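Visitor: Quick one: structure below, then a few questions.
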Amino acid sequence: MPVGVLHVCDKFGVAGSSIHGVSRLFSWWFPRYDPARFTVSLCGLKRPEPASRLLEEQGIPVRHLGRGRFDPRILGDLVRVAREGRAAILHVHGYAAADFGRLAARRVGAALVLHEHFADPRMPAYQGLADRMLARFTDRAIAVSGSTRDFLVRERHVPAKRVRLIWNGAPLAEFAPVTPAAALATRRALGLPADAPLVGSISRLSEQKGHRYLLDAAARVLRRRPDTRFLIVGDGDQMEPLRRQAGALGIAPSVSFAGHRTDVPALLGALDVFCISSTYEGTPLALFEAMAAGKAIVSTAVDGCREVLEDGATGLLVPPRDPEALAAALLRTLDDAALRASLAKRAREASARYDIAACVAQMQDLYDEVLAEKAR
2 MPVGVLHVCD KFGVAGSSIH GVSRLFSWWF PRYDPARFTV SLCGLKRPEP
52 ASRLLEEQGI PVRHLGRGRF DPRILGDLVR VAREGRAAIL HVHGYAAADF
102 GRLAARRVGA ALVLHEHFAD PRMPAYQGLA DRMLARFTDR AIAVSGSTRD
152 FLVRERHVPA KRVRLIWNGA PLAEFAPVTP AAALATRRAL GLPADAPLVG
202 SISRLSEQKG HRYLLDAAAR VLRRRPDTRF LIVGDGDQME PLRRQAGALG
252 IAPSVSFAGH RTDVPALLGA LDVFCISSTY EGTPLALFEA MAAGKAIVST
302 AVDGCREVLE DGATGLLVPP RDPEALAAAL LRTLDDAALR ASLAKRAREA
352 SARYDIAACV AQMQDLYDEV LAEKAR
């Protein structure tokens, strides 16, 4: 009989965004679980959100508790949901999910897997205290990068022997390079010139993603290469501040804000350079998508990005919050067609290590490991 796995998530969207990393992971993971081994379900602590509705449209039902993050009724709710679904494993994402989930797993006799998606520089002090108290109820923790693994041990008090590094990834076949004709069609649909150098960013628009530094860098690039265009894809609470910044910099005509889009493979295909300007990260899914799409990548040297990319080989790395360095790397890539082609080719080759199916396979093996341990 398949083992029940209940994923519990604090929230599916962030700061006004339609969908973000963990939601996309759920949409990729769930169809790839082996139904002969595991029955998976998904529970959100809050009320329905745009991102959770998108998951439901994809055939992934979400059980919503409709609670605030500090509502003590969450514990009873999770115990009930776990028992109804005969969950042998609770796989938790987010602080409240981890806190109440560990207590619920303890109460129902389930194993607890904590999934850390990034090393949070703003983790509240009370969370460290909660983690210290609940560490003994964490059977395993999954880190998405080496820096995240260190964060779990140092800040979240998970014993190192219980932490496993499982890289994120993407469904590589969905992001294969497109034909020149398809790239041209996408540019036309976006109202972008066919022959303009095009730099793109695809992420939610939040402070973490560092778009304001990208716009400052764009202003520098445009002084040297005024024909360059910038495409910013995503939504979030920084949309209007970024539009105002582009206007104040005098670069608004060269910057297109596309909002939330679902045609990411086509958008990637239209780009010459893909840019990640984040101030901190775990391992952004857009990185794996851009690698699979065979794009030249310029990224800040944050956390998982600097672990996945080899500077000068599969991408160019620059310090975070440094518009001058970011502009220099973008110009270097735009000015050198041979470098651009080499970065794209090697990124595409390296992407083979990050297929989302491998991520799911490793999680399933981890479940088997922790269940065997609890059975002893």
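Okay, so the sequence shown: first residue is 2 according to this note's numbering, each after it adds one.
Virtual Cβ for every residue (Gly too), placed ideally from N, Cα, C.
This one's a predicted model, so the numbers in the text were calculated from it and none came from an experiment.
When you compare the CB positions of I357 and P172, do they come within less than 8 Å of one another, or not?
Guide: The answer is yes: Cβ separation under 8 Å.
Visitor: Beta-carbon within less than 7 Å of F289's beta-carbon, same chain only, minus the 5 sequence neighbours each way: which residues are those?
Guide: N169, G170, A171, S352 and Y355
Visitor: Verify the contact flag: R87, CB atom, against every heavy atom of the ligand GTP, threshold strictly below 7 Å.
Guide: With respect to the ligand GTP, the structure offers nothing, as it holds no ligand at all.
Visitor: Under the DSSP definition of a beta bridge, which residues are partnered with F231?
Guide: V200 and V256
Visitor: Mind checking F50: buried by the 16 CB within 10 Å criterion, or exposed?
Guide: Here residue 50 is Glu; the residue named in the question, Phe, does not match the sequence. Per the 10 Å Cβ criterion, buried.
Visitor: In angstroms with no decimal places, state the Cα-to-Cα distance between F138 and V361.
Guide: 23 Å
Visitor: Put A16 into one of helix, strand or coil per three-state DSSP.
Guide: Any reading at A16 must be qualified, since the residue scores a pLDDT of 46, below 50, and its modelled position is unreliable; no value is offered.
Visitor: With three or more beta-carbon pairs closer than 8 Å as the criterion, would you say the region 207-221 touches the region 23-32?
Guide: no
Visitor: Please report how far the alpha carbon of E241 lies from the alpha carbon of F258, in whole angstroms.
Guide: When rounded, the distance between both Cα atoms is 10 Å.
Visitor: Mind the definition here: the region 363-371 touches the region 147-167 only if three or more C-beta pairs lie below 8 Å; say whether that holds.
Guide: yes
Visitor: Excluding five sequence neighbours on each side, which residues of the same chain lie with their C-beta closer than 6 Å to the C-beta of R108?
Guide: V80
Visitor: With the cut-off set at 8 Å, would you say M292 and R205 are in Cβ contact?
Guide: no
Visitor: Report the residue from A182, D228, S146 and V319 whose alpha carbon sits nearest the alpha carbon of L286.
Guide: S146
Visitor: Per DSSP, what are the beta-bridge partners of R402 in this structure?
Guide: Because the chain spans 2 through 377 in this model, residue 402 falls outside it and cannot be assessed.
Visitor: When you compare the CB positions of V274 and L223, do they come within less than 8 Å of one another, or not?
Guide: no
Visitor: Can you look up F101 in the DSSP assignment and give me helix, strand or coil?
Guide: If DSSP states are grouped into helix, strand and coil, F101 belongs with the helices.
Visitor: Near K47, which residues of its chain fall below 6 Å by C-beta distance, leaving aside the five closest residues on each side in sequence?
Guide: K12
Visitor: For A342, which option in A359, T315 and V200 has the closest C-alpha, if you only look at C-alpha atoms?
Guide: T315
Visitor: Quick one: grab the DSSP three-state call for V114.
Guide: strand
Visitor: Unbroken beta strand (DSSP E) runs of length 3 or more, entirely within the region 136-184: which are they?
Guide: 141-144 and 164-166
Visitor: Between V200, V114, A37 and D72, which has its C-alpha nearest L91's C-alpha?
Guide: Nearest neighbour of L91 by Cα position, chosen from V200, V114, A37 and D72, turns out to be V114.
Visitor: Confirm, please, whether the CB-CB distance from L272 to A199 is below 8 Å.
Guide: Looking at the sequence shown, residue 199 is not Ala but Leu. It is a contact, given that the beta carbons lie within the stated cut-off.
Visitor: At the level of alpha carbons, what is the spacing between T280 and S207?
Guide: 10 Å
Visitor: Just to confirm, are F119 and D304 a CB contact at a threshold of 8 Å?
Guide: yes
Visitor: Measuring only between beta-carbons, confirm whether P254 sits less than 8 Å from chain C.
Guide: Among the protein chains of the structure shown there is no chain C, as only one such chain exists.
Visitor: Between E282 and the rest of its own chain, which residues show a CB-CB distance below 7 Å, the 5 nearest in sequence each way excluded?
Guide: F119, V303, D304, G305 and C306
Visitor: Would you tell me roughly how many angstroms separate the C-alpha atoms of V6 and L250, rounded to the nearest one?
Guide: 50 Å
Visitor: Is the beta carbon of A338 sitting closer than 8 Å to the one on V299?
Guide: no
Visitor: Determine which residues share a DSSP beta bridge with R64 and list them.
Guide: C44
Visitor: Near V371, which residues of its chain fall below 6 Å by C-beta distance, leaving aside the five closest residues on each side in sequence?
Guide: A112, D140 and R141
Visitor: Taking only runs of the alpha helix (DSSP H) that begin and end inside the region 305-366, which ones reach a length of at least 4 residues, in chain order?
Guide: Complete alpha helix (DSSP H) runs here, min 4: 324-336 and 338-351.
Visitor: Can you grab the Cα-Cα spacing for the pair A144 / K375, in whole Å?
Guide: 21 Å
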